[in-house]
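A short worksheet on the structure shown next.
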Ligand SMILES: Nc1ncnc2c1ncn2[C@@H]1O[C@H](COP(=O)(O)OP(=O)(O)OP(=O)(O)O)[C@@H](O)[C@H]1O
Ligand SMILES: [Mg+2]
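Chains as they are written, first to last, in the numbering used here: chain A, 18 to 251; chain B, -18 to 271.
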C-alpha cells in the first residue's frame, strides 16, 4: 500500500470533523472519496498533507509514518496536494506558478517538464507570461493540476477539481485526470461529482459526516442502489 | 537651488525606501503591521555606532546588520509566531511591546543623549553640475539605496527563494503545499527586513549626522508606515514610490513652506491623500486598505 490511514481523528477545536477514519490507496490506482458538502473531504486531505494535524490515528505513506511530519517534509517525500478552489498564485505568471510546483526538485529537467504540460494544455502556453489570476476557472484548474504534478509526486491528492466549472470543462478535467493516472501516477481524488469520479476510479470510499460508510470497487459503487439514490441522483 | 533640493529629496526618499522595503516585506508575508521594525533595527545601528572607531566601518555595518537580523528572527519566533492566527490586535500590541523593550535596551546601554554620527566612509564634498553645486553625500546615499533596491527586486523576481517569498505573501498554506518551508522563510524575511533597516537607519544617521534612541520609532517605523501606505501596502514598488513621495514632500515643504512645521504639513498632505485613496498608489493585489 502506498498510503494507509489508520483510525484517524481530526478536530477543529472541540468540533470533530473526522471520527475514526481508516482507508488505503494502492500504488498505481486511482482511489476516489466521495461525499457531500461538509462531509470532511478537505479536512482529510489537509491532514494527509500536514496542513492540519490530526488529534489521533496514523498516516503511513510508502512505509513511513508521516503523521507528525511538516508539510514541506511531506512534499519532499512525494505527496502533492492540489487544493480545493485551485489556489493558483494570482500575482505570479503561469510559468512562475509551474516553477513553484517544482520547488522541491533539484534536477535540471524542470523547464523540460513545464514544456510537457504546455503540450498537454496549449492554452497555458499561450498565457505563459500572463498573471495566473487572470485565467478562467478551467484554465486555473489545469494550471493547478500541472503545478501539483511538477513536483513529480508518488501520490497526487486532488480536492474537488470539478468544483465551479462548466459541464464541458468538467468533462475535460476528468479526461486529464484519467490520462495522468494512465501515465502511472497514483491518485487520491476527492469529489462531490460522484458519477464522474467513479467512472474513472479503480476503488471508492463514501464519506458521510466524518465517517466512512462504504468502500468497494468503483464499478460496484456505480451500480449500488444506495449510492445511486444518495449520490448519483437516480 | 531647486536641483539641490531635488537631489536631497531623492536621497532622503531612497533612504526611507530601504526602511520601508523591510517593513513592507514583513507586511507582505504576514499582513501584520510591524510596529517594532524601527526600534529593532535601531539596536543594530547603535551596535555599529559603538564599533565605529575601533574597526573598519564596513565590518561594523555588517555586524550591526547581523545583530538586527538575529534580533528580528528572535522577535518573530517568540513574539509574533505564537500569535500568527490570533487576528490583528494581539500581534500589534505584541509589536508595540517589543518596540518599548528595544528602546529601553538602547537607553540602558547607550543612554538618552543625541550623539554626533559619521560612518567615516563618505568624503563630504560637492560637485559642480553645469554651474549648480550638489553635495556628494546625497548622491552616494541615493546610489547605495537604489543599488540595494535593485538587488532585492531582482532577487525576489529571479531566484527560487525570492519567488518562494512571493508565494508566501499570496497564500501561506498553498506555499507550504509547494514544499516551501514557510516558517523558516518567514523568519528569514523578518531578519532581512531588519538588516536592511539597519543599513537604512545608518544612512539616515549619516545624512542628518546624529544618532539617538528615538531614531527607530519616529524616523523608522512611522516613516516606513507612511511610505508603505502612501505607495500601497504589501508591494515592493509601492514601498519605493511611497518613500520617494515622502522624501519629496518633506524636503520641498521645508525648503519652500516651513521647516519648523514640516511634519505637520506633511501629515496634512498624507491624511488628505489617504482619505482620497486609502489603498495607496500601487496596492498589491488583494491587499486591504488601512
Ligand atoms: N477551519 C475550520 N474551523 C472549524 N470547523 C471547520 C473548519 N474547516 C472545516 N470545518 C468543519 O469541518 C467539517 C468538514 O469540513 P470540510 O471542509 O472538510 O468538508 P468538505 O467535505 O471538504 O466540504 P465541501 O464539499 O463543502 O468542500 C464541516 O462541518 C466544517 O464546517
Ligand atoms: Mg472541501
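For each residue, glycine too, the CB sits at the ideal point set by N, CA and C.
Neighbourhood of residue i by C-beta distance below 7 Å, restricted to the same chain and skipping five residues each side
i                      : result
residue 208 of chain A : 49, 51, 177, 179 and 214
residue 107 of chain A : 148, 149 and 150
residue 34 of chain A  : 27, 28, 57, 60 and 227
residue 267 of chain B : Only weak support is given to the placement of residue 267 of chain B: the predicted model assigns it a pLDDT of 49, under 50, and the value that follows is read from those uncertain coordinates. Cβ neighbours of residue 267 of chain B beyond the five flanking positions: none.
residue 119 of chain B : -12, -11 and -8
residue 222 of chain B : 212, 262 and 263
residue 64 of chain B  : 71, 72 and 75
residue 28 of chain B  : 44, 45 and 48
residue 77 of chain B  : 16
Distance CB(residue i)-CB(residue j) smaller than 7 Å
i                      : j                      : result
residue 72 of chain B  : residue 81 of chain B  : no
residue 59 of chain B  : residue 175 of chain B : no
residue 220 of chain B : residue 15 of chain B  : no
residue 227 of chain A : residue 57 of chain A  : yes
residue 155 of chain A : residue 186 of chain A : yes
residue 137 of chain B : residue 143 of chain B : yes
residue 249 of chain A : residue 211 of chain A : yes
residue 57 of chain B  : residue 168 of chain B : yes
residue 207 of chain B : residue 177 of chain B : no
residue -1 of chain B  : residue 181 of chain B : yes
residue 159 of chain A : residue 159 of chain B : no
Chain-order list of residues whose beta-carbon lies under 8 Å from that of residue i (same chain, five-residue window excluded)
i                      : result
residue 84 of chain B  : 20, 23, 194, 195, 197 and 198
residue 36 of chain A  : 26, 227 and 228
residue 105 of chain B : 116, 117 and 118
residue 81 of chain A  : 94
residue 233 of chain B : -14 and -10
Close Cβ partners of residue i (< 6 Å) along its chain, the five nearest in sequence each way excluded
i                      : result
residue 30 of chain B  : 192
residue 269 of chain B : Only weak support is given to the placement of residue 269 of chain B: the predicted model assigns it a pLDDT of 41, under 50, and the question is left unresolved by the model.
residue 184 of chain B : -4 and 122
residue 195 of chain A : 217
residue 88 of chain B  : 194
residue 273 of chain B : Past the edges of chain B, shown from -18 to 271, lies residue 273 of chain B, and the structure says nothing about it.
residue 198 of chain A : 47 and 204
residue 79 of chain B  : 17, 56 and 60
residue 221 of chain A : 49, 215, 235 and 238
residue 30 of chain A  : none
Partners in chain B for residue i, counting only beta-carbon separations shorter than 7 Å
i                     : result
residue 53 of chain A : Those do not exist, as residue 53 of chain A stays about 24 Å from chain B at its closest Cβ, beyond 7 Å.
Closer than 7 Å at the beta carbon, the chain A residues around residue i
i                      : result
residue 148 of chain B : 106 and 117
Proximal chain A residues relative to residue i, where beta-carbon distance stays under 8 Å
i                      : result
residue 152 of chain B : 104 and 106
Contacts that residue i makes with chain A (C-beta to C-beta distance below 9 Å)
i                      : result
residue 145 of chain B : 117 and 120
Cross-chain neighbours of residue i in chain B, by beta carbon under 9 Å
i                      : result
residue 241 of chain A : The contacting residues do not exist; residue 241 of chain A stays about 34 Å from chain B at best.
**OP:** Mind checking the region 107 to 118 of chain A against chain B and listing, in chain order, the residues whose C-beta falls within less than 8 Å of any C-beta there?
**Re:** 107, 108, 109, 113, 116, 117 and 118
Original post:
the region 188 to 199 of chain B: which residues have C-beta closer than 9 Å to a C-beta of chain A, in chain order?
Top reply: none
Original post:
Does the region 162 to 170 of chain A come close enough to the region 78 to 97 of chain A to have 3 or more Cβ pairs within less than 8 Å?
Top reply: yes
Original post:
Of all the residues that make up the region 187 to 211 of chain A, which are near chain B by a beta-carbon distance shorter than 9 Å?
Top reply: none
Original post:
What residues in the region 154 to 178 of chain B have a beta carbon less than 7 Å from any beta carbon of chain A?
Top reply: 154, 155, 157, 158, 159, 160, 161 and 162
Original post:
Is it true that the region 29 to 44 of chain B meets the region 99 to 106 of chain B, where meeting means three or more beta-carbon pairs spaced less than 8 Å apart?
Top reply: yes
Original post:
In the region 25 to 48 of chain A, which residues sit with their C-beta less than 9 Å from some C-beta in chain B, listed in chain order?
Top reply: none
**OP:** With 9 Å as the C-beta to C-beta threshold (strictly closer), list the residues of the region 81 to 102 of chain A near chain B in chain order.
**Re:** 87, 88, 89, 90, 91, 92, 93, 97, 98, 99 and 100
**OP:** Taking 8 Å as the threshold, find out whether the region 232 to 248 of chain A comes into contact with the region 67 to 81 of chain A through three or more Cβ pairs.
**Re:** no
**OP:** Determine which residues of the region 58 to 76 of chain A have a Cβ less than 9 Å from any Cβ of chain B, and write them out in chain order.
**Re:** 63, 66, 67 and 68
**OP:** Residues of the region 158 to 174 of chain A with a CB closer than 7 Å to any CB of chain B: list them in chain order, please.
**Re:** 168
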